[in-house]
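Note sheet for the following structure.
Number of protein chains: 2
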Amino acid sequence: MSARPRRTTLSTIAASAGVSVATVSKVLNGRSDVAPATRSLVRSLLEQHDYVPSSARRTGDTTIEIQVDGMCAYAAGIVGGTVEAGADSGVSVAIAIKKGPAGGGTAWARDLVSAGRQAVITIAEHPTPAQLAILSRARLPVVVIDPLDLSDTSVSSVGPTNFTGGLIATRHLLALGHSRIAYLGGLATALSSQARLHGYRAAMEDAGVPVLPDYVRTPGFCYAHGVEGAGVLLDLRPAPTAIFAASDECAVGAIHAAKARGLRVPEDLSIVGFDDSEIASMTSPKLTTMHQPLREMGIVALRTALRLAAGERIESAHVELATELVIRESSLTA
Amino acid sequence: MSARPRRTTLSTIAASAGVSVATVSKVLNGRSDVAPATRSLVRSLLEQHDYVPSSARRTGDTTIEIQVDGMCAYAAGIVGGTVEAGADSGVSVAIAIKKGPAGGGTAWARDLVSAGRQAVITIAEHPTPAQLAILSRARLPVVVIDPLDLSDTSVSSVGPTNFTGGLIATRHLLALGHSRIAYLGGLATALSSQARLHGYRAAMEDAGVPVLPDYVRTPGFCYAHGVEGAGVLLDLRPAPTAIFAASDECAVGAIHAAKARGLRVPEDLSIVGFDDSEIASMTSPKLTTMHQPLREMGIVALRTALRLAAGERIESAHVELATELVIRESSLTA
DNA sequence: CTGAAAGCGCTTACAG
DNA sequence: CTGAAAGCGCTTACAG
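And the structure:
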């Protein structure tokens with residue numbers, strides 16, 4: 001390991017700008033008595049050197065940042081886990097809601113550094129190489145939850161066992177005697193649903209049951225996607241007798257679509273969801289679903305982030321936590 | 001306004017302890033070369049003076065803290081609002097999950113101060129007088145969302161129009177021709193559900209319809225409470241033809257209890273919920289419910305907190321944001 | 001506009 | 001153990 005380079009201070013900047021420390025300080029504090037040319041020179045130097053005020057580098061208070069897409073139930077579960085794990089180690093968790101794609105350019109990474117964060121956790125989104133460069137120079141580790149891409153092993157990630165989950169859910173339906181089993185929901189672009197879909201395919205193949213191309217629909221994860229997608233599936237001839245849905249919301253939508261066609265769940269149609277969210281036990285019939293360990297994923301992500309921040313080495317760049325089949329009322333013998 | 005007393009610094013502490021600044025600094029940094037007696041003396045002085053290291057008082061990064069009970073959908077909605085409003089003003093939001101009652105004694109307040117927070121938002125829980133004293137000495141404003149007690153006007157609070165919401169929901173059922181209307185859910189101890197209940201009573205009284213004591217049940221806000229409470233109500237003779245539930249979860253539970261008794265919703269039983277949470281449009285029938293502006297409550301709470309932190313005066317210690325009736329499928333003419 | 005100088009809060013190597 | 005002294009990162013009133 002090479003020696004840690006000294007952090008950039010005001011005097012570093014002053015020296016390279018050829019001005020006094022006082023002037024740099026004024027720029028930093030937004031004083032008006034600085035020539036525009038001097039100001040912009042100093043500003044760009046400050047950026048180039050990733051300047052972080054020493055007061056932001058305090059020792060006592062550790063804060064990690066978690067970036068979510070919005071406060072849906074899924075994100076809430078994960079956030080809850082990180083907060084819980086943080087409280088155990090006296091670490092605060094700051095939440096941010098992502099704006100555009102890739103969290104808003106390199107300014108995003110720079111802001112994190114100057115806000116004094118010790119690590120960043122993002123959900124289902126990878127920082128860009130430019131962002132990673134800034135974060136790594138600042139020694140700010142990143143952990144991605146539910147990663148879209150596992151090829152870059154320099155970024156740690158945590159996810160559920162999507163493939164195995166899809167496999168187990170489908171095997172459950174096969175074991176009940178179903179063979180006309182459809183896959184519903186998820187996005188073709190989301191790694192998580194791709195993996196669930198491949199788990200489904202693997203189980204079908206194992207059982208020697210062919211997968212009809214029409215039996216796979218990936219409109220999205222929401223309730224409305226479930227209603228729409230299940231509608232299309234149920235209007236096929238022959239119609240499936242069972243649906244494995246990539247999310248509970250989709251599964252609930254499928255129940256709705258089934259009832260709208262006069263089908264009874266589970267007597268005429270078995271449905272297995274994915275998530276085991278709160279709604280899973282509030283529907284009628286209650287959902288059979290794959291439990292996804294959201295809270296635990298948050299806990300592991302936070303602990304990993306903390307270990308990385310402390311300079312520890314991580315055993316595995318990607319960790320998967322077990323999903324588990326919860327049998328309720330929406331699945332029945334064919 | 002009296003002059004702002006100077007903040008406690010190491011030299012304040014050193015002077016009152018009769019030691020040097022260096023020694024105080026050592027205690028602060030947990031060095032071992034300090035006599036135990038000196039250490040404990042300095043420690044207690046540090047506590048007494050609410051010492052906050054100057055590095056925690058940085059100017060650039062503003063962080064407010066929001067305390068939630070757990071990451072349920074209700075809290076998630078509010079948190080989402082605060083994060084959104086914070087992002088607009090470059091303010092970070094740190095989340096904490098409450099432990100015991102009153103957030104864990106005075107240590108809680110002290111930790112907030114030394115973590116450098118600029119304000120605190122809590123949900124449905126008031127700081128104790130001892131906690132308030134510490135927070136006010138540190139000039140750390142508190143905003144309570146969904147307050148349990150409005151008597152202390154020194155604490156700002158934000159909530160939904162619970163009373164009016166209960167009134168409007170009940171009037172809706174009255175207007176549909178119902179008179180055997182029951183109230184279900186909420187806790188007798190929660191101000192929010194008390195207010196909803198009184199809105200219900202006011203509407204009934206206005207319409208000249210008596211409220212039967214048996215028709216009011218307050219087992220709690222959850223799905224299971226709804227199933228249980230609605231079961232009791234529906235087994236009464238005469239049974240109610242309509243139920244106003246204090247939460248969507250209760251309302252969904254009531255649908256379940258009704259179906260279990262062979263009753264059709266809304267043909268045999270009308271149900272109005274409260275919250276307009278995600279599940280409201282995922283049930284069958286879809287819920288007629290009072291929309292609660294969670295996101296907006298979060299936004300207003302954060303803005304209020306920021307204004308207080310900036311030393312501005314607030315017009316009203318308590319603000320209520322409008323709830324709104326959303327008519328879907330679970331309510332029908334009697 | 002600019003910067004030398006004084007000053008603040010804090011830390012640390014070191015002499016006692 | 002203790003503290004005088006040097007030093008660090010930063011800010012600010014003020015002279016030019």
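Residue numbers (the UniProt record's numbering), protein chains in the order written: chain P, 1 to 334; chain R, 1 to 334.
Where a beta carbon is used, it is the ideal one built from N, C-alpha and C, also for glycine.
Going along chain R in order, which residues have a C-beta closer than 8 Å to the C-beta of residue i?
{"i": "residue 342(P)", "result": "Here chain P comprises residues numbered 1 to 334, so residue 342(P) is not present and cannot be evaluated."}
Contact check, residue i vs residue j under 8 Å by CB: the rounded distance?
{"i": "TYR223(R)", "j": "ALA182(R)", "result": "18 Å between Cβ atoms; not a contact."}
{"i": "PHE163(R)", "j": "HIS198(R)", "result": "6 Å"}
{"i": "GLY86(P)", "j": "ILE64(P)", "result": "7 Å"}
{"i": "VAL158(P)", "j": "LEU135(P)", "result": "Incorrect: roughly 18 Å between the Cβ atoms, too far for contact."}
{"i": "VAL326(P)", "j": "THR289(P)", "result": "6 Å"}
{"i": "LYS259(R)", "j": "SER284(P)", "result": "6 Å"}
{"i": "SER330(P)", "j": "SER270(P)", "result": "7 Å"}
{"i": "THR122(P)", "j": "LEU321(P)", "result": "Not quite, the Cβ-Cβ distance comes to about 17 Å (not below 8 Å), so this is no contact."}
{"i": "GLY165(R)", "j": "ARG196(R)", "result": "6 Å"}
{"i": "GLY185(P)", "j": "SER247(P)", "result": "5 Å"}
{"i": "ALA305(R)", "j": "VAL143(R)", "result": "5 Å"}
Step through the CB atoms of chain P and report whether any lies within less than 8 Å of the CB of residue i.
{"i": "ILE95(R)", "result": "yes"}
{"i": "ALA115(R)", "result": "yes"}
Shortest alpha-carbon distance to residue i belongs to which of the options?
{"i": "VAL93(P)", "options": "GLU125(P), LEU302(P), ALA317(P) and VAL319(P)", "result": "LEU302(P)"}
{"i": "PRO53(P)", "options": "ARG117(P), THR161(P), SER193(P) and LEU308(P)", "result": "ARG117(P)"}
{"i": "THR106(R)", "options": "ARG137(R), ALA169(R), THR82(R) and ILE145(R)", "result": "ARG137(R)"}
{"i": "GLU84(P)", "options": "GLU329(P), GLY298(P), ALA317(P) and LEU321(P)", "result": "GLY298(P)"}
{"i": "ALA254(R)", "options": "ALA202(R), LYS99(R) and LYS286(R)", "result": "LYS286(R)"}
{"i": "ILE13(R)", "options": "LEU212(R), SER44(R) and CYS72(R)", "result": "SER44(R)"}
{"i": "VAL34(P)", "options": "GLU47(P), VAL19(P) and LEU46(P)", "result": "VAL19(P)"}
{"i": "ARG217(P)", "options": "LEU234(P), ARG39(P) and ALA203(P)", "result": "LEU234(P)"}
{"i": "ALA257(R)", "options": "ALA75(R), GLY226(R) and SER284(R)", "result": "GLY226(R)"}
{"i": "GLY311(P)", "options": "ASP149(P), THR23(P), PRO141(P) and VAL272(P)", "result": "PRO141(P)"}
{"i": "ALA124(P)", "options": "GLU315(P), ALA109(P), ARG307(P) and TYR74(P)", "result": "TYR74(P)"}
{"i": "SER25(P)", "options": "LEU10(P), ASP152(P) and LEU187(P)", "result": "LEU10(P)"}
{"i": "PRO293(P)", "options": "SER156(P), THR128(P), GLU324(P) and ALA202(P)", "result": "GLU324(P)"}
{"i": "ARG264(R)", "options": "ALA190(R), ALA317(R) and ALA242(R)", "result": "ALA242(R)"}
{"i": "PHE274(R)", "options": "ILE145(R), ARG328(R), VAL79(R) and GLU267(R)", "result": "ARG328(R)"}
{"i": "PRO240(P)", "options": "PRO219(P), ASP206(P) and LEU174(P)", "result": "LEU174(P)"}
{"i": "ASP276(P)", "options": "GLY30(P), HIS172(P), GLU249(P) and GLU267(P)", "result": "GLU249(P)"}
With 8 Å set as the bound, which would you pick, yes or no: does the beta-carbon of residue i sit closer than that to a beta-carbon of chain R?
{"i": "ALA3(P)", "result": "Residue confidence is low: ALA3(P) scores 38 on pLDDT, short of 50, so the model does not pin down where it sits. Its coordinate-derived value is still stated next. Answer no: the Cβ-Cβ gap between ALA3(P) and chain R never drops below 8 Å."}
{"i": "SER25(P)", "result": "no"}
{"i": "VAL144(P)", "result": "no"}
{"i": "SER32(P)", "result": "no"}
{"i": "THR63(P)", "result": "yes"}
{"i": "ILE314(P)", "result": "no"}
{"i": "ARG7(P)", "result": "no"}
Can you pull the chain P residues whose beta carbon is under 7 Å from the beta carbon of residue i, in chain order?
{"i": "HIS256(R)", "result": "SER284"}
{"i": "SER92(R)", "result": "ALA94 and ALA115"}
Listing by chain order, which chain P residues have their CB less than 8 Å from the CB of residue i?
{"i": "VAL252(R)", "result": "MET282"}
{"i": "ALA245(R)", "result": "Chain P residues near ALA245(R): none, gap ~13 Å exceeds 8 Å."}
List, in order along the chain, the chain P residues whose C-beta lies closer than 9 Å to that of residue i?
{"i": "ALA87(R)", "result": "ALA96, ILE97 and LYS99"}
In the region 276 to 299 of chain P, which residues sit with their C-beta less than 8 Å from some C-beta in chain R, listed in chain order? GLU278, ILE279, SER281, MET282, THR283 and SER284
Could you please tell me which residues of the region 197 to 209 of chain P, in chain order, have their CB closer than 7 Å to any CB of chain R? none
Contact residues within the region 213 to 226 of chain P, judged by C-beta distance below 8 Å to chain R: TYR223
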